Amino acid sequence: MMKRAFLSIALIFLAGHLWGQSDPMGKDALQRELEYEIMAPCCYGGPVADHDSDAAQKVKEQIARLLAEGKTKEEILDMYVAIYGEQILARPRAQGFNLLAYIMPPTILLVGGLLVVYFVSRIKAPASEPSSVESTSYSDEFFKKIEKEMQELNI
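Position in the sequence shown counted from 1, then plus 10, gives you the numbering used here.
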């Protein structure tokens with residue numbers, strides 16, 4: 011009796027796990043991944059997964075067919091790059107000039123952060139220095155002059 015209950019619970023969890031991972035449209039993970047990596051050739055405004063245009067629908071169908079034929083992800087991406095060029099990819103490949111798209115943002119953030127730290131430390135430094143004797147004598151002189159003028163005005 012205990013084995014039967016345990017087996018039933020295990021099957022329920024397994025079925026729930028498998029059902030939770032399945033796509034309602036019946037697409038597998040690789041097909042969804044490819045649909046988000048290939049831009050819609052009609053306008054290059056977004057991946058084919060987000061487009062409902064005729065061109066995007068044709069690409070989705072072609073991806074499904076190519077995967078059914080046993081093509082790999084790289085083969086499919088290479089085929090679309092050969093037809094449409096690099097702009098068909100949602101993410102540029104990290105090679106050649108496109109490598110700058112991956113290197114420049116962190117580099118700019120790092121250099122910018124270092125510049126901010128440098129200039130903030132330079133702004134703080136003069137404020138921590140002791141004031142000079144001349145500025146103290148000038149302020150004493152200024153206050154004496156004000157006091158004298160106030161006495162003349164009887165304030």
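For each residue, glycine too, the CB sits at the ideal point set by N, CA and C.
Remember, it's a predicted structure, so these values are computed and weren't measured experimentally.
Distances from the alpha-carbon of Y90 to those of H61, E43 and V69 put V69 closest. DSSP places L163 in the coil class of the three-state scheme, outside both helix and strand. When beta bridges are read from the DSSP output, M114 appears opposite no residue.
Here I93 is exposed, its C-beta having fewer than 16 other C-beta atoms within 10 Å. Among the bridge pairs identified by DSSP, L99 is matched with I48. With a threshold of 16 other beta carbon atoms within 10 Å, E45 meets it and is buried. Burial check for Q41: the Cβ neighbour count within 10 Å reaches 16 or more, so the residue is buried. Per DSSP, the continuous alpha helix (DSSP H) segment holding E71 begins and ends at D64 to A78. Judged by DSSP secondary structure, K83 falls within the alpha helix (DSSP H) whose first and last residues are K83 to Y94. Judged by beta-carbon spacing, P116 lies beyond the 7 Å limit of N108, meaning their Cβ atoms are not closer than that value. Counting only residues of its own chain and dropping the five nearest sequence neighbours on each side, Q97 has a CB closer than 8 Å to the CB of M49 and Y54. The C-alpha of L120 lies about 49 Å from the C-alpha of E151.
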